[in-house]
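J.:
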Amino acid sequence: MNMQFRTLFKNKPDLFTLLLLLIYTAIFLFFHTPYEWHNDDSSYYIGTAESIVKHHSYDFNFAPQTKFPPGYPLFLSFLSIIFNKVSPDNTLFVKSTALLGLAGVALSYLLIRKNSSRIALCIVLLTVTSPWFFSHAITAVASDLPYFTVSILAILTGLKYESQHLVFKKILWGSVFTFALVATPMIRSIGITLFFAYLFYIILPFTKRDRAKGTDRFKKFLSPLLIGILSQVLWLYWSSLNRVVYYDGQYMDSYFSQIRLLNPHRPDAGIASAADLITRIFNNVTIQLSRFSEMFIHHEWLSQSWTSPFVIIQAVLLAFSILYRFRSGKADIPVLYFLFYMSMLLIWPFDEGQRFVFPIFPIICLLLCDGFSKFKSIFRSHPHKIVPLTFILLLSFSLISAFSLFLQKSNGSQQYIYLLIWIISTLIIFCILILRLSPSIGSFNRIKSILLRIKYPTCKVSTCCGILLLVCITLYGIVQEYNFTYRLLSEKPGKTALDHYASAATWLKNNTVHGSVAAATQIAVPHRISGLKVVPFPVTNSTELIVNTIRKYNVSYLIIVDEGKYPYFFPDDKERLNLLMNSGTITLNSLTCNDRYAIYKIDL
76 MNMQFRTLFK
86 NKPDLFTLLL
96 LLIYTAIFLF
106 FHTPYEWHND
116 DSSYYIGTAE
126 SIVKHHSYDF
136 NFAPQTKFPP
146 GYPLFLSFLS
156 IIFNKVSPDN
166 TLFVKSTALL
176 GLAGVALSYL
186 LIRKNSSRIA
196 LCIVLLTVTS
206 PWFFSHAITA
216 VASDLPYFTV
226 SILAILTGLK
236 YESQHLVFKK
246 ILWGSVFTFA
256 LVATPMIRSI
266 GITLFFAYLF
276 YIILPFTKRD
286 RAKGTDRFKK
296 FLSPLLIGIL
306 SQVLWLYWSS
316 LNRVVYYDGQ
326 YMDSYFSQIR
336 LLNPHRPDAG
346 IASAADLITR
356 IFNNVTIQLS
366 RFSEMFIHHE
376 WLSQSWTSPF
386 VIIQAVLLAF
396 SILYRFRSGK
406 ADIPVLYFLF
416 YMSMLLIWPF
426 DEGQRFVFPI
436 FPIICLLLCD
446 GFSKFKSIFR
456 SHPHKIVPLT
466 FILLLSFSLI
476 SAFSLFLQKS
486 NGSQQYIYLL
496 IWIISTLIIF
506 CILILRLSPS
516 IGSFNRIKSI
526 LLRIKYPTCK
536 VSTCCGILLL
546 VCITLYGIVQ
556 EYNFTYRLLS
566 EKPGKTALDH
576 YASAATWLKN
586 NTVHGSVAAA
596 TQIAVPHRIS
606 GLKVVPFPVT
616 NSTELIVNTI
626 RKYNVSYLII
636 VDEGKYPYFF
646 PDDKERLNLL
656 MNSGTITLNS
666 LTCNDRYAIY
676 KIDL
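Numbering (the numbering used here), first residue to last: 76 to 679.
(1) Take the Cβ of GLU619 as the centre, count every other Cβ of all protein chains shown within 10 Å, and call the residue buried at 16 or more, exposed below.
(2) If you draw a straight line from the C-alpha of CYS197 to the C-alpha of ILE246, how long is it?
(3) Would you mind listing the alpha helix (DSSP H) stretches within the region 596-677 that are 4+ residues and don't spill past its ends, in chain order?
(4) State the start and end residues of the unbroken alpha helix (DSSP H) segment that holds THR172.
(5) Determine, using beta carbons only, whether PRO611 and ALA580 come nearer to each other than 7 Å.
(6) Answer with buried or exposed for SER226, where buried requires no fewer than 16 other C-beta atoms within 10 angstroms of its C-beta.
(7) If you draw a straight line from the C-alpha of ASP219 to the C-alpha of GLN239, how long is it?
(8) Since ALA572 is in the alpha helix (DSSP H), which residue starts that stretch and which ends it?
(9) Hey, GLU556 and PHE209: beta-carbon distance below 7 Å or not?
(10) Might you give, ordered along the chain, the residues of its own chain that have their beta carbon closer than 8 Å to the beta carbon of ILE674, omitting 5 neighbours on each side?
(11) Please classify PHE559: does DSSP put it in a helix, a strand, or coil?
(12) What is the residue span of the alpha helix (DSSP H) that GLU369 lies within?
(13) Any idea what DSSP makes of LEU241, helix, strand or coil?
(14) Measure from the alpha carbon of TYR399 to the alpha carbon of each residue in LYS449, ALA181 and PHE413, then state which is nearest.
(15) Based on DSSP bridge pairs, tell me the residues matched to PHE135.
(16) To the nearest angstrom, how far is the alpha carbon of LYS441 from that of PHE105?
(17) Which residues does DSSP list as the beta-bridge partners of LEU336?
(18) For the region 341-358 against the region 421-429, do three or more pairs of beta-carbon atoms, one drawn from each stretch, fall closer than 8 Å, so that the two count as touching?
(19) Mark GLU111 as exposed unless 16 or more other C-beta atoms lie within 10 angstroms of its C-beta, in which case mark it buried.
(20) If you follow the alpha helix (DSSP H) that LEU301 is in, where does it begin and where does it stop?
(21) Near GLY266, which residues of its chain fall below 6 Å by C-beta distance, leaving aside the five closest residues on each side in sequence?
(22) Whose C-beta lies closer than 7 Å to the C-beta of ASP19 among residues of the same chain, with five residues either side of it excluded?
(23) So, at 7 Å on beta carbons, what are the nonlocal neighbours of LEU564 in its own chain, with the 5 sequence-adjacent residues on each side left out?
(24) Compare the C-alpha of ILE553 against each of HIS374, ASP407 and GLY303 and name the closest.
(25) Taking 7 Å as the cut-off, decide whether the C-beta atoms of VAL614 and PRO221 are in contact.
(26) Bridge partners of ALA594, per DSSP?
(27) Counting pairs of beta carbons, one from the region 184-202 and one from the region 134-143, are three or more of them closer than 8 Å?
(28) Counting only the same chain and skipping the five closest in sequence on each side, list residues whose C-beta sits under 8 Å from that of ILE529.
(29) What beta strand (DSSP E) runs, 3 residues minimum, are completely inside the region 414-440?
(30) Between the C-alpha atoms of ASN585 and ILE604, what's the straight-line distance to the nearest angstrom?
(31) In this structure, how does DSSP classify SER378 when only helix, strand and coil are distinguished?
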């Protein structure tokens, strides 16, 4: 590590990365949102941190906070104690989260730099100029960026810990690694995938009969893993004892119950069958790969289909990289973590945009570069190997594309065009394969000689095109960051459903007495702003269940929010309100109503 730091700033990529990080550090330190950006998760984290500081208890909404692990709220409470204040718009929390994200970018650079400092620089450039990273860093108080930082730290320090031989350095790196390993799932529950990665990393040498390496890894990583697993067991045990279930069938506070449902946003759709889970996995591959492509090219809403080139090319290159690493015995922690993390995402029941794929964005970039490099080297040295493998992969993905189109009810014309492209590509590869297997024809040799003649000009042109493409993508991202900042400074809040909840909660705060109970579909923002206890307005078509919940908690006020054309939950607020009005068991009196929200007084 000392040698690494000595040579860290002796080449241009290192200096440019440092300059880039310093520029964005200054932006995040001196720029902040002029108002609070309302977010459901942010309300949970900030409210829990305030409870820890003021009441010395891990509570939220007058109950133990069991929805999220305690790592990030503890960090926020630690910041509050150090600075002895929390600004009205939570500027301190937003800035600290942004700086943590930049620290994660710097750690990613150190992780990838050993492979190639130029590739590491490109990945840093694509990350910090990503509109998603920028907007999230200056608006959200959420665990995404802290989780990204701590997970990369756990991987980086794990690699350093394994390579140490001196006792002092073993203790030093082992302590930092253990802290990062424990903190990762304590910030976000999906961090347990890192435990699985290290467990498989220990077992892997034994599968290849390398007992010495396996024993060495077992001795080094057993203690940190046991500490991490014990901390998770204690947290899960405490949360299971203190979890509050407001009504029968409540699911949003339990990840396992969400996974079991066909669609957590449509709970009345029922439990997912085995076929539904397989279809979910199949669809999630395309969703997550398209989300990565959106991060990469800085543009949203790509086609989430196997027929999209932004999906299929990634799938081929990732397959090349992972197969090569396992076959050559180079399956290290980043690769294993990627596989287990993606496996968890593939069973998740709904899409959360780029936030899920962001923590592994640098690792995916590295694997794609590695896959392209292996594809190119094998094609040059052993074309008879790469051509059949490419044919098999393209044929497989073409069949998957056709099956995907068959399953989908509505398809755009561009998806059929993409499918046609992949079928034609597969036929071309098949023809090349036939020519290679029949060298007597001589056609393959002539094609090869032509390719060799244009080899060097092609390399130069492709390099220039790659640099130009990178420049265009980064400039496009910077322009989008500027546009986002301009809108943030010129527009006022009040356009999203959570802003409507915030407005309704402000009205309740000013017009109700302390100790009242309100009901709302999303409870975090209304509780944190109003200070009232807020129970869930059950997302169900069962009138009996809604009425029983209201009576059980003696609810006095009901918040109804207009979510527009695309409600997050179904049945939406208005449909459940109609069910309640038609029940004849509860009287609702309108207190205030506008185009954003309505508040009703409930008479039991």
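For each residue, glycine too, the CB sits at the ideal point set by N, CA and C.
T.: According to the structure data:
(1) Walking along the sequence shown from the start, residue 619 turns up at place 544. Exposed, since its Cβ has fewer than 16 Cβ neighbours within 10 Å.
(2) Mapped onto the sequence shown, residue 197 falls at position 122. Mapped onto the sequence shown, residue 246 falls at position 171. When the Cα atoms are used, CYS197 and ILE246 turn out to be separated by approximately 34 Å.
(3) Correct list: 599-605, 618-627 and 648-658.
(4) Walking along the sequence shown from the start, residue 172 turns up at place 97. Counting along the chain, the alpha helix (DSSP H) containing THR172 begins and ends at 166-188.
(5) The residue given as residue 611 occupies position 536 in the sequence shown. The residue given as residue 580 occupies position 505 in the sequence shown. Going by C-beta atoms, PRO611 is not nearer than 7 Å to ALA580.
(6) By one-based count along the sequence shown, residue 226 stands at place 151. When all chains shown are included, SER226 counts as buried.
(7) Position 144 of the sequence shown, counting from 1, holds the residue named residue 219. Position 164 of the sequence shown, counting from 1, holds the residue named residue 239. Distance between the alpha carbons of ASP219 and GLN239: 31 Å.
(8) Within the sequence shown, the letter at position 497 stands for residue 572. First-last of the alpha helix (DSSP H) with ALA572: 572-586.
(9) Here residue 556 corresponds to residue number 481 of the sequence shown, with the count starting at 1. Here residue 209 corresponds to residue number 134 of the sequence shown, with the count starting at 1. Their beta carbons are under 7 Å apart, which means GLU556 touches PHE209 by this criterion.
(10) Position 599 of the sequence shown, counted from the first residue, corresponds to residue 674. Only ALA579, TRP582, LEU583, TYR632, LEU633, ILE634, ILE635, SER665, LEU666, THR667 and CYS668 meet the Cβ criterion.
(11) Locating residue 559 in the sequence shown gives position 484, counting from the first residue. Secondary structure at PHE559: helix, using DSSP grouped into helix, strand and coil.
(12) Here residue 369 refers to the residue found at position 294 when the sequence shown is read from its first residue. It spans 349-372 - the alpha helix (DSSP H) in which GLU369 sits, taken as one unbroken run.
(13) Counted from its first residue, the sequence shown places residue 241 at position 166. Annotated three-state conformation of LEU241 is coil, per DSSP.
(14) Locating residue 399 in the sequence shown gives position 324, where the first residue counts as 1. Here the closest residue by C-alpha is LYS449.
(15) On the sequence shown, position 60 is the one that residue 135 refers to. PHE135 is bridged to ALA138.
(16) Counting from one through the sequence shown, the residue named residue 441 turns up at place 366. Counting from one through the sequence shown, the residue named residue 105 turns up at place 30. For the sequence presented, residue 441 should be read as Leu rather than Lys. Cα to Cα, LEU441 sits roughly 32 Å from PHE105.
(17) Taking the sequence shown and counting its residues from 1, one reaches residue 336 at position 261. DSSP lists ILE346 as the bridge partner or partners of LEU336.
(18) These segments touch.
(19) Reading the sequence shown from its first residue, position 36 is the one you call residue 111. Per the 10 Å Cβ criterion, buried.
(20) Against the sequence shown, residue 301 aligns to sequence position 226. Per DSSP, LEU301 belongs to the alpha helix (DSSP H) from 286-317.
(21) Position 191 of the sequence shown, counted from the first residue, corresponds to residue 266. Cβ neighbours of GLY266 within its own chain (closer than 6 Å, five residues either side excluded): THR259 and PRO260.
(22) The structure shown does not extend to residue 19, since the chain is modelled only from 76 to 679, so the question has no answer here.
(23) Taking the first residue of the sequence shown as position 1, residue 564 is located at position 489. Residues of the same chain with a CB within less than 7 Å of the CB of LEU564, apart from the 5 flanking positions on each side, are PRO109 in chain order.
(24) Indexing the sequence shown from 1 puts residue 553 at position 478. It is HIS374 whose Cα lies nearest to the Cα of ILE553.
(25) One-based indexing of the sequence shown puts residue 614 at position 539. One-based indexing of the sequence shown puts residue 221 at position 146. Going by beta carbons, VAL614 and PRO221 fall outside the 7 Å limit.
(26) Taking the first residue of the sequence shown as position 1, residue 594 is located at position 519. Beta-bridge annotation (DSSP): ALA594 is paired with VAL610 and LEU633.
(27) Too few Cβ pairs lie closer than 8 Å, so no.
(28) For the purposes of this step, residue 529 is taken as the residue at position 454 of the sequence shown. Its pLDDT being 48, under 50, ILE529 is placed unreliably in this model, and the value from its coordinates should be taken loosely. There are no such residues.
(29) For the region 414-440, not a single whole beta strand (DSSP E) run of length 3 or above is found.
(30) Here residue 585 refers to the residue found at position 510 of the sequence shown. Here residue 604 refers to the residue found at position 529 of the sequence shown. Each residue's alpha carbon lies about 11 Å from the other.
(31) Within the sequence shown, the letter at position 303 stands for residue 378. Here SER378 sits in coil by DSSP.
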